[in-house]
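Residue numbers (the numbering used here): 46 to 456.
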């Protein structure tokens, strides 16, 4: 059943996906604001604002917001990425209207109290420090900087201690006013709910939301990967390696082929990387590949870690497996296995109401409409080994690579 579009009296779009057999509902409020749209001075502002929206309104202080979130049960949270911010709740059907009222209060009436701002600034600075202490996070962020160069995608979503320390209350309020309005926001809801009741709650919840013309994600810097290399020294037992290769935009017609290729390369225990690096040579406990796509480009990332004495061997094997993608087509069995993995991940995931709501948001954000599951299935089913080989050669993985190395020895 296609998504049903509703428009509130203030122009805010709401997309619904009724699932009457469910006992729960998930609601998400999406904002077309992400770290890549920040100026260098604003680095980390989108994520910081996400935190601050939970820190008080005229009718609720931070403690009362936390109490109500726990009282409603289920899950209520938010996340920030390079291209979006989402505030969401997944809870029992009888609580979805109350969750909508709470979300609306946070997203239209937050006061951004100065004391709360200073306190939360310290929290996010600790979050940055925690990320720097995590080798996987650090080697990946270093890869982004090497791969994207001066492009805004190279900057950490969390910002830096320097940028966070510079944010004033007026800066936060100004950023909030620029991005939180009916033209840059929309709502998705999936599961079991009464639309008349939910609509009434949404109208009340977002009655103070400023109106503005609808806007798409525009004004992007040219997507030109730098394909750089970086090696950083850190006192660790292992050397952590991350390789970046060109990906595809979210809406690219070959996106399904890239997912199949990625699963075959490093998406499971039968993948080429797992078998060659771990099972045959014992070089690593963890080795995998994953993909991240944006509105106008993407990244395929390989990650692994090993003893310092095995670093060169690991990099050689990874290079050989990357080259194989462009010279050796998948067998019919390998492709069938990849298809089953991708299709199972898609269809089993959509049994979760939260995942359905999340897919709705990304569909609207990048396509402006639903991408039917049947369309995705058809693309998976129609893929051939020749299609995968063509894509690998077109992407030029062997020639276009970025490298990030983090470990106890710096060469």
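We treat Cβ as the ideally placed atom computed from N, Cα and C, and that holds for glycine.
Note that this is a predicted model, so its numbers are computed, not measured.
* On a CA-only basis, which of 385, 435, 432 and 132 is nearest residue 308? Give me that one, please. => For the options 385, 435, 432 and 132, the alpha carbon positioned closest to that of residue 308 is the one of 385.
* Looking at C-alpha atoms only, which residue of 86, 47 and 428 is the closest neighbour of residue 206? -> The option with the nearest alpha carbon to residue 206 is 86.
* To do: Please work out which residues of its chain come closer than 8 Å, Cβ to Cβ, to residue 437, disregarding the five sequence neighbours upstream and downstream, and give them in chain order.
  => Excluding positions up to five away in sequence, the list reads 306, 370 and 371.
* Inter-residue spacing [alpha-carbon to alpha-carbon] between residue 237 and residue 68 -> Their backbone Cα atoms lie some 6 Å apart in a straight line.
* To the nearest angstrom, report how far apart residue 396 and residue 61 are at their CA atoms. => When only Cα atoms are considered, residue 396 and residue 61 end up about 16 Å apart.
* Sequence-distant residues of the same chain with beta carbon closer than 8 Å to residue 226, five excluded per side -> Close CB contacts of residue 226 within its chain, under the 8 Å cut and outside five residues either way in sequence, are with 254, 255, 256 and 257 (chain order).
* Nearest candidate by alpha-carbon position, reference residue 88, set 216, 351 and 161 -> Selected option, being the one with the closest Cα: 216.
* Is it true that the CB of residue 316 sits closer than 9 Å to the CB of residue 334? -> Closer than 9 Å, so yes.
* Counting only the same chain and skipping the five closest in sequence on each side, list residues whose C-beta sits under 7 Å from that of residue 406. => Taken in chain order, the residues that qualify are 73, 75, 131 and 233.
* Between the C-alpha atoms of residue 142 and residue 59, what's the straight-line distance to the nearest angstrom? -> Roughly 14 Å between the two C-alpha positions.
* Terminal residues of the alpha helix (DSSP H) in which residue 260 lies -> Residue 260 -> no alpha helix (DSSP H), and no H or E assigned at all.
* Sequence-distant residues of its chain with Cβ nearer than 7 Å to residue 443 (five each side left out) -> Excluding sequence neighbours, residue 443 sits near 367, 368 and 371.
* **Limits of the beta strand (DSSP E) - the one that residue 352 falls within** => Unbroken run through residue 352: none, as it is neither H nor E.
* alpha helix (DSSP H) segment containing residue 114, residue limits -> Unbroken alpha helix (DSSP H) run through residue 114: 107-117.
* To do: Give me the Cα-Cα distance between residue 312 and residue 163, rounded to the nearest whole angstrom.
  => Cα to Cα, residue 312 sits roughly 42 Å from residue 163.
* With DSSP as the reference, label residue 96 as helix, strand or coil. => It is helical.
* To do: Please name the residue in 445, 97 and 180 whose C-alpha comes closest to that of residue 159.
  => Of the listed residues, the one whose Cα sits closest to residue 159 is 97.
* Can you name the start and end residues of the beta strand (DSSP E) that residue 122 belongs to? -> Looking at the DSSP string, the run of the beta strand (DSSP E) that includes residue 122 is 120-125.
* Asked: Under a three-way DSSP split, which group does residue 366 fall into?
  -> Correct three-state label for residue 366: helix.
* residue 415 to residue 297 span [Cα, whole Å] -> Going by the C-alpha atoms only, they are around 15 Å apart.
* Asked: Who are the Cβ neighbours of residue 222 in its own chain at under 8 Å, not counting the five residues just before and after it?
  -> Hits under 8 Å: 255.
* Asked: Does the Cβ-Cβ distance between residue 197 and residue 127 come in under 9 Å?
  -> Cβ distance < 9 Å, so residue 197 and residue 127 count as in contact.
* Could you check the C-alpha separation between residue 122 and residue 250 for me, to the nearest Å? => Distance between the alpha carbons of residue 122 and residue 250: 17 Å.
* Rounded distance between the beta-carbons of residue 289 and residue 344, thought under 8 Å -> Your pair residue 344 and residue 289 checks out as a contact, with CB atoms roughly 5 Å apart and the cut at 8 Å.
* To do: Determine which residues share a DSSP beta bridge with residue 62 and list them.
  => For residue 62, DSSP records a beta bridge to 235.
* To do: Can you give me the Cβ contacts of residue 64 inside the same chain, cut-off strictly under 8 Å, excluding the 5 residues immediately before and after it?
  => Excluding the 5 residues flanking it on each side, residue 64 has same chain C-beta neighbours closer than 8 Å at 235, 236, 237, 398 and 401, in chain order.
* To do: Check whether the Cβ atoms of residue 349 and residue 188 sit closer than 9 Å, and answer yes or no.
  => Using a Cβ distance threshold of 9 Å, residue 349 and residue 188 do not count as a contacting pair.
* To do: Using DSSP bridges, identify the partner residues of residue 230.
  => Answer by DSSP bridge pairing, in chain order: 76.
* **Inter-residue spacing [alpha-carbon to alpha-carbon] between residue 228 and residue 138** => Their Cα atoms are separated by approximately 28 Å.
* **Sequence-distant residues of the same chain with beta carbon closer than 7 Å to residue 214, five excluded per side** => Closer than 7 Å at Cβ, skipping near neighbours: 157, 159 and 162.
* Sort 341, 202 and 270 by Cα distance to residue 94 and report the nearest one. => The residue from 341, 202 and 270 with its alpha-carbon nearest to that of residue 94 is 202.
* Asked: Considering only residues of the same chain and omitting the five flanking positions on each side of residue 50, which have a CB-CB separation below 6 Å?
  -> The residues are 60.
* Mapping DSSP to helix, strand and coil, what is residue 275? -> DSSP places residue 275 within a strand segment (E or B) once states are collapsed to three.
* Asked: Cβ of residue 452 within 9 Å of Cβ of residue 279?
  -> Yes, these two residues count as a Cβ contact at 9 Å.
* For residue 450, which of helix, strand or coil comes out of DSSP? -> When DSSP states are grouped into helix, strand and coil, residue 450 belongs to the strand group.
* Which same chain residues, not among the five before or five after residue 166, have their C-beta less than 6 Å away from its C-beta? -> Answer for residue 166: 209, listed in chain order.
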